[in-house]
Amino acid sequence: MTTTDRWIHDLARVRPGELIEVWDEQHLRHAGTVSQVAPHLGVLWVREASSGLPKLVPTEGHRLRHASAAHAA
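Mapping of the sequence shown onto this note's numbering: position 32 corresponds to residue 18, and the numbering continues sequentially without gaps.
Structure representation (structure tokens):
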């Protein structure tokens, strides 16, 4: 599996409680646990692993992939 095969293309497949990474073109912007998903709006809320703060993440302009527990912690 290549790195690009791991990108999430359908936000409807993301569930609360999953560990996720949010990337822009080349940089990891957020890593944490999904708290809510609104596929019809193209957004999700991620509780940052590093700070515990919730972040509203628009999927436009970002790429998402599932994270390992070790990386998101």
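Built from N, CA and C at the ideal position, the CB exists for glycine as well.
None of these values were measured; they are calculated from a predicted model.
Worksheet item: What's the gap between the Cα of V23 and the Cα of E46?
Response: Answer to the nearest angstrom: the Cα atoms are 14 Å apart.
Worksheet entry | CB contact flag (A(-2), G18, <8 Å) | Taking 8 Å as the Cβ cut-off, A(-2) and G18 do not qualify as a contacting pair.
Worksheet item: So T19 is in the beta strand (DSSP E); what residue range does that whole segment cover?
Response: That run of the beta strand (DSSP E) goes L14 to A24.
Worksheet item: Name the DSSP bridge partner or partners of L5?
Response: According to DSSP, which records beta bridges pairwise, L5 is partnered with T19.
Worksheet item: In this structure, does DSSP put L30 in helix, strand or coil?
Response: In the three-state reduction of the DSSP assignment, L30 falls in the strand class.
Worksheet entry | Residue burial classification, E7 (beta-carbon count within 10 angstroms, cutoff 16) | Buried.
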